[in-house]
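Going by my numbering, the sequence shown opens with residue 0, and the numbers climb by one from there.
In what follows, a single structure is set out as structure tokens and then discussed.
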Amino acid sequence: MLRILALVLTLATPAVAQEVMSDAERATFRAEVRAYLLENPEVLMEAIGILEERQQAAQMQAEEAMLAASQDQLLNDGFSYVGGNPDGDITVVEFLDYRCGYCKKAHPEVAELISQDGNIRYIVKEFPILGEQSTMASQFAVATKLVAGDEAYYDVHNTLMAYRGDFSEAALGRVAEGLGLDATPILAAMNSDEVAAILNANRVLGQQLQINGTPTFVVQDEMLRGYVPFDQMQQIVAELRG
Numbered sequence: 000m001l002r003i004l005a006l007v008l009t010l011a012t013p014a015v016a017q018e019v020m021s022d023a024e025r026a027t028f029r030a031e032v033r034a035y036l037l038e039n040p041e042v043l044m045e046a047i048g049i050l051e052e053r054q055q056a057a058q059m060q061a062e063e064a065m066l067a068a069s070q071d072q073l074l075n076d077g078f079s080y081v082g083g084n085p086d087g088d089i090t091v092v093e094f095l096d097y098r099c100g101y102c103k104k105a106h107p108e109v110a111e112l113i114s115q116d117g118n119i120r121y122i123v124k125e126f127p128i129l130g131e132q133s134t135m136a137s138q139f140a141v142a143t144k145l146v147a148g149d150e151a152y153y154d155v156h157n158t159l160m161a162y163r164g165d166f167s168e169a170a171l172g173r174v175a176e177g178l179g180l181d182a183t184p185i186l187a188a189m190n191s192d193e194v195a196a197i198l199n200a201n202r203v204l205g206q207q208l209q210i211n212g213t214p215t216f217v218v219q220d221e222m223l224r225g226y227v228p229f230d231q232m233q234q235i236v237a238e239l240r241g
């Protein structure tokens, strides 16, 4: 084993290895390494585990750097809905799509987390990635916020998350009317430059953060990709508080 380790260290510098090892020695070395690994396969598993840990650590560092560079767009863009406790000690940002099944599954659990905790600031990033109907639903939600305010937006947001049919202007108009809103100005604002700019800003932010699926959560300096069960989210928040 000591001979193998010595040879491995020698091979770490290819130029040196070429000088100190003949073809025969190189073949012998390879045979010895192969025989050792076949006799001790747990060494490979240990090495793979260490590699995976290093890759995970590198990914976390890269995500932390991306998040640090995007703090203003994430937390203070001036147009995203901010709910929960605006002065909460933990901020949860959610990138979502109204046609995403896992977003719909996460929605009541996120609402329960915010309600039970009482000290979470919740920010919604409209991030339609599942086609034309997704875009239409987000346009409608953003237009509602611009025309009718935050409370109306959140009512629409909750309704769209629970909605199971196809999205169309007629269907969205009925959603507005069902919530006691004037549908006409909201539908008129859906294709406005302001709505388009807001959705485009979210799309650019998502690209910067390498987000390609929903839901994606940013909790303080951690990025959680995909559906996160209530208990796990609760534990993450508790750990962040220390």
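Beta carbons: idealized from backbone N, C-alpha and C, even for Gly.
Treat the numbers as computed from the prediction; the structure is a model and nothing was measured.
Terminal residues of the alpha helix (DSSP H) in which residue i lies
| i | result |
| --- | --- |
| Met189 | Taken as a continuous stretch (DSSP letters only), Met189 belongs to no alpha helix (DSSP H), as it is neither H nor E. |
| Ile235 | Phe229 to Arg240 |
| Gly100 | Gly100 to Asp116 |
| Tyr152 | Asp149 to Ala161 |
| Gly247 | An answer regarding residue 247 cannot be provided, because it is not within the stretch 0 to 241 covered by the chain. |
| Leu73 | Gln70 to Leu74 |
Segment limits, beta strand (DSSP E) that includes residue i
| i | result |
| --- | --- |
| Leu223 | Glu221 to Arg224 |
| Thr27 | That residue, Thr27, is in no beta strand (DSSP E); its alpha helix (DSSP H) goes Asp22 to Glu38. |
| Arg120 | Ile119 to Glu125 |
| Thr215 | Thr215 to Val218 |
| Leu95 | Ile89 to Leu95 |
| Gly83 | Tyr80 to Gly83 |
C-alpha gap between residue i and residue j, whole angstroms
| i | j | result |
| --- | --- | --- |
| Asp154 | Pro40 | 58 Å |
| Ala188 | Ala142 | 6 Å |
| Lys144 | Thr158 | 14 Å |
| Val236 | Glu108 | 14 Å |
| Glu247 | Leu95 | It is not possible to answer for residue 247, since the shown part of the chain is limited to 0 through 241. |
| Ala67 | Val217 | 11 Å |
| Thr27 | Arg53 | 31 Å |
| Pro214 | Ala30 | 49 Å |
| Glu150 | Gln206 | 29 Å |
| Leu73 | Ala34 | 53 Å |
| Leu171 | Ala136 | 8 Å |
| Phe78 | Thr183 | 22 Å |
| Gly148 | Ile185 | 11 Å |
| Arg25 | Ile49 | 27 Å |
| Asp71 | Val91 | 14 Å |
| Phe229 | Glu93 | 14 Å |
| Cys110 | Glu238 | A small fix is needed here, since residue 110 is Ala in this sequence, not Cys. The alpha-carbon atoms of Ala110 and Glu238 are separated by roughly 20 Å. |
| Asn75 | Ser69 | 10 Å |
| Tyr80 | Tyr152 | 8 Å |
| Ser191 | Ile47 | 52 Å |
| Arg173 | His156 | 14 Å |
Residue i classed as buried or exposed, judged by whether at least 16 other C-beta atoms fall within 10 angstroms
| i | result |
| --- | --- |
| Ala23 | exposed |
| Met44 | exposed |
| Asn201 | buried |
| Leu37 | exposed |
| Arg98 | buried |
| Lys104 | exposed |
| Ala169 | exposed |
| Gly83 | buried |
| Gln138 | buried |
| Ala140 | buried |
| Ser167 | exposed |
| Leu204 | buried |
| Ile210 | buried |
| Ile197 | buried |
| Pro85 | exposed |
| Val146 | buried |
Contact belief for residue i with residue j at Cβ below 8 Å, rounded distance in angstroms
| i | j | result |
| --- | --- | --- |
| Cys102 | Met160 | 7 Å |
| Arg252 | Ile89 | A query on residue 252 cannot be resolved here, the shown segment of the chain reaching from 0 to 241 and no further. |
| Gln233 | Leu112 | 6 Å |
Check whether the segment 59-73 touches the segment 214-233, taking contact to mean three or more Cβ pairs, one atom from each stretch, closer than 8 Å.
-> Short answer: they touch.
Quick one: any contact between the segment 112-131 and the segment 171-183, if contact means 3 or more CB pairs under 8 Å?
-> The segment 112-131 makes no contact with the segment 171-183, as fewer than three CB pairs between them are under 8 Å.
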